[in-house]
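A short worksheet on the structure shown next.
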Amino acid sequence: MTLRLPHLLLPLLFALCAAAPALAQQGDGLVEGRDYVVIAGGAPLQVTKGKIEVVEVFAYWCHVCNDFQPLVDTWTKALPRDVAFRYLPAAFDPNDRLARAYFASESMGKLARTHHATFRAIHVEQSLPARGATAAEIGTLYATLGIDAKRLATAMQSKATDARMHTAREFMIGAGVEGTPTMIVNGKYRVKGRSLADMLRHTDLLVARERASAQAR
């Protein structure tokens, strides 16, 4: 017996078939366009031989990033040795002082002191403005963490920090980053998810995909 579809349903069937590739499910269960986006011509922020890079584009002023941080803390503790995780402050504005403070603190080797403390000062203690924080206000906070405010101010305005802000912006544009937090896997995939936990689960699966691809080469 042959099932005959009413002729009015045929255009709908053809349309669904044409749309299928856009939402093709891979062997790992991820659906392109829903769970991740392929970055055309993408490349890692920093190539490390034998490592799969995961970048979190974040912003200190972003309350969702603040909520995400405890999940990321737990997640990074269990990362396989072949994964290189990096934070990247969102450089939507080249003069964003909080992003500059991140790079300055990292260059001074003080990030372990400042990263969580900056989130806490903005979102919990509200001792630092989420938007428009001055270099002096950031310096005052970091001084309580044992960091020289003058050295910090100099590092924030250095050519090295200018270059890193530029690199961050170029990476974000190339990856199509429009908001925070955003996870990027090996410069190839921009992760999507319906929840923060979803984003991490999809990140894990994309990392596994990259690992399998590397092993097959």
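Per this note's numbering, residue 150 is the first one in the sequence shown, and the count goes up by one each step. Glycine is no exception: its CB is placed at the ideal position from the N, C-alpha and C atoms.
Counted as a single uninterrupted DSSP element, the alpha helix (DSSP H) harbouring PHE217 occupies residues 212 to 226. Looking at the DSSP output, ARG235 shares a beta bridge with VAL204.
GLN275 sits away from ARG235, with the two beta carbons spaced by 9 Å or more. Counting C-beta atoms within 10 angstroms of its own C-beta, ARG230 has fewer than 16 neighbours from the protein chains shown and is therefore classed as exposed.
In the DSSP assignment, THR331 falls outside any alpha helix (DSSP H) and lies within the beta strand (DSSP E) extending over 331 to 334.
A Cβ-Cβ contact shorter than 9 Å links GLY295 with ARG262. With respect to the C-alpha of ARG366, the residue from ALA192, ALA284 and GLY199 having the closest C-alpha is GLY199. Counting along the chain, VAL196 sits inside no alpha helix (DSSP H), nor does DSSP assign it H or E at all. Close CB contacts of ASN335 within its chain, under the 6 Å cut and outside five residues either way in sequence, are with PRO193, ILE201, GLU202 and GLU359 (chain order).
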